[in-house]
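A short write-up of the structure that comes next.
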Amino acid sequence: MLSLTPSLTVPYEAKVAFLFLSIIEFAVGILTNAFIFLVNLGDVLKRRPLSNSDLVLLCLSITRLFLHGLLFLDAIHLIYFQKMKDPLSHNYQTIIILWMITNQISLWLATCLSFLYCAKIVRFSHTCLLCLASWISRKLPQMLLGAILFSCICTIVCLWDFFSRSRFTFTAVLSRNNTEFNIKITKLNFFYSFLFCNVGSIPPFLFFLVSSGLLIISLGNHMRTMRTQTRDYRDPSLEGHVKALIALVSFLCFFVVSFCAALISVPLLMLWHNKVGVMVCIGMMAACPSGHAAVLISGNTKLRRALERILVWVQRSLKVRSDGKEDPRTENGHEIGSS
Numbered sequence: 001m002l003s004l005t006p007s008l009t010v011p012y013e014a015k016v017a018f019l020f021l022s023i024i025e026f027a028v029g030i031l032t033n034a035f036i037f038l039v040n041l042g043d044v045l046k047r048r049p050l051s052n053s054d055l056v057l058l059c060l061s062i063t064r065l066f067l068h069g070l071l072f073l074d075a076i077h078l079i080y081f082q083k084m085k086d087p088l089s090h091n092y093q094t095i096i097i098l099w100m101i102t103n104q105i106s107l108w109l110a111t112c113l114s115f116l117y118c119a120k121i122v123r124f125s126h127t128c129l130l131c132l133a134s135w136i137s138r139k140l141p142q143m144l145l146g147a148i149l150f151s152c153i154c155t156i157v158c159l160w161d162f163f164s165r166s167r168f169t170f171t172a173v174l175s176r177n178n179t180e181f182n183i184k185i186t187k188l189n190f191f192y193s194f195l196f197c198n199v200g201s202i203p204p205f206l207f208f209l210v211s212s213g214l215l216i217i218s219l220g221n222h223m224r225t226m227r228t229q230t231r232d233y234r235d236p237s238l239e240g241h242v243k244a245l246i247a248l249v250s251f252l253c254f255f256v257v258s259f260c261a262a263l264i265s266v267p268l269l270m271l272w273h274n275k276v277g278v279m280v281c282i283g284m285m286a287a288c289p290s291g292h293a294a295v296l297i298s299g300n301t302k303l304r305r306a307l308e309r310i311l312v313w314v315q316r317s318l319k320v321r322s323d324g325k326e327d328p329r330t331e332n333g334h335e336i337g338s339s
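Here full-length UniProt numbering is used: position 148 in the sequence shown is 148, and no number is missing along the way.
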């Protein structure tokens with residue numbers, strides 16, 4: 001049977017390195033997702049019609065901004081975690097629960113994006129599947145609204161369950177003045193709340209796997225067709241398949257890594273009090289949303305062109321400043337030459 005062990009002190013160097021890494025990940029995540037948000041918001045303000053994929057990316061970037069904010073709060077909280085007597089403070093539990101709920105919303109939005117890719121790219125032969133693909137393309141805003149409403153319902157249920165268990169824990173702590181018993185009750189209630197909040201992620205994850213599988217099968221069939229026809233020129237359909245698969249597979253990899261890191265951090269925190277291990281897990285969780293945002297920017301034509309325009313503007317600005325500093329014809333020299 002595992003016994004409670006005292007919290008080990010994390011070295012000061014490890015705290016500084018973790019804080020530096022958290023600031024970098026937070027800055028990169030905010031910049032990439034804010035870029036996606038601002039580019040699409042600019043089209044909305046200019047009254048340009050947003051495509052269905054741009055609408056999903058707009059909503060997805062908003063949830064990613066909240067994710068990075070929560071993870072940065074988690075990192076700041078963990079740096080000063082050594083000074084707390086309670087291994088699971090209420091504030092820390094609240095941050096973790098909110099992160100799981102926001103991550104679930106992000107999963108639903110990614111599932112809507114995978115549905116859209118299937119409807120636009122996969123070539124269905126059955127009439128029912130063709131009608132379903134056409135319906136998804138036309139009703140994607142309603143699907144997004146439904147996903148958000150379902151996520152809101154899950155959020156309310158999860159928060160109600162979490163705070164009701166917290167109230168029960170507080171009552172148990174008042175009724176029994178036993179430190180070890182109180183800590184066990186706190187850990188057990190948090191573990192149940194953690195599992196309960198993750199139940200809502202099962203349906204969108206299964207839908208995401210099915211839609212991604214359809215894209216992989218469609219890409220395989222398309223590649224076989226190209227071999228039989230021996231095409232040598234670039235096929236736009238093949239490029240669409242590959243870009244969609246890169247976006248979905250990268251999200252799947254990042255989501256699995258982030259989810260596994262969150263699962264591993266729970267026993268590291270509650271059983272072994274390994275703060276360094278929890279810091280590593282949080283660093284992995286923070287790197288995943290920004291990594292997928294970079295993949296989305298590189299695979300989206302509008303976002304990539306907007307980024308290229310920004311880079312060209314920055315390059316020209318730096319060149320103008322450097323030319324101004326290196327110009328030998330200063331104001332005094334010009335006056336001397338003219339005289």
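Ideal Cβ positions, reconstructed from N, Cα and C, are used throughout, including at glycine. These numbers were taken from a predicted model, which means no experiment stands behind them.
Which listed residue (the options) has its alpha carbon closest to that of residue i
i, options, result
"F66", "M100, L19 and C128", "M100"
"F254", "M284, K275, E239 and V278", "M284"
"T186", "V266, I62 and C281", "V266"
"L238", "L219, F190, V320 and C59", "L219"
"L23", "D54, N40, S53 and L71", "Here residue 23 is Ile; the residue named in the question, Leu, does not match the sequence. Checked all of D54, N40, S53 and L71; the closest Cα to I23 is L71."
"V56", "F26, L113, S250 and V314", "L113"
"L263", "L252, V276, I282 and L248", "I282"
"L248", "F205, A147 and V10", "F205"
"I79", "I153, R316 and V276", "V276"
"T111", "Q104, F208, G42 and S164", "F208"
"Y192", "M270, V10, V16 and A17", "M270"
"residue 387", "Q104, K184, L188 and W160", "A query on residue 387 cannot be resolved here, the shown segment of the chain reaching from 1 to 339 and no further."
Contact test: residue i Cβ vs the ligand FAD heavy atom, cutoff 8 Å
i, result
"L31", "Although the ligand FAD was asked about, the structure shown includes no ligands whatsoever."
Backbone CA spacing between residue i and residue j [nearest angstrom]
i, j, result
"P141", "E13", "48 Å"
"K243", "I121", "11 Å"
"H241", "L215", "7 Å"
"M84", "Q93", "In this prediction, M84 has a pLDDT of 48, which is less than 50 and means its spatial position is unreliable; nothing more can be read from the coordinates."
"S201", "D323", "55 Å"
"H77", "M223", "50 Å"
"S151", "F162", "16 Å"
"R309", "L318", "14 Å"
"I297", "T155", "29 Å"
"C260", "L109", "20 Å"
"F20", "G29", "14 Å"
"C59", "I95", "21 Å"
"T127", "A133", "10 Å"
"N274", "T102", "25 Å"
"H68", "L45", "25 Å"
"L98", "G213", "30 Å"
"G299", "P49", "20 Å"
"V280", "L73", "15 Å"
"W135", "R123", "15 Å"
"V210", "V314", "43 Å"
"F26", "H292", "14 Å"
"N91", "R321", "48 Å"
"P203", "F190", "23 Å"
"K325", "K139", "56 Å"
"V278", "L195", "18 Å"
"R305", "R47", "19 Å"
"M226", "L307", "33 Å"
"G146", "L41", "22 Å"
Whole-number beta carbon distance between residue j and residue i, since they are thought to touch under 8 Å
i, j, result
"F35", "I62", "No, F35 and I62 are not in contact; Cβ-Cβ is about 13 Å, not under 8 Å."
"L116", "S53", "6 Å"
"A119", "S137", "5 Å"
"C158", "C197", "4 Å"
"V295", "I246", "7 Å"
"T32", "S290", "5 Å"
"V39", "L252", "Actually they are not in contact, since the Cβ atoms of V39 and L252 sit about 24 Å apart, beyond 8 Å."
Residue i, buried or exposed, once every other Cβ within 10 Å from all chains shown has been counted against 16
i, result
"N221", "exposed"
"A287", "buried"
"R64", "buried"
"L268", "buried"
"V16", "exposed"
"S258", "buried"
"V256", "exposed"
"V199", "exposed"
Legend entry - Inside the region 42 to 100 only - alpha helix (DSSP H) runs reaching at least 4 residues: At a cut-off of 4 residues, the continuous stretches assigned as alpha helix (DSSP H) that sit fully inside the region 42 to 100 are 52 to 79.
Inset, instruction - Could you tell me which uninterrupted beta strand (DSSP E) segments, each at least 3 residues in length, are contained entirely in the region 178 to 213, listed from first to last along the chain? - result: As far as the region 178 to 213 is concerned, it has no whole beta strand (DSSP E) run of at least 3 residues.
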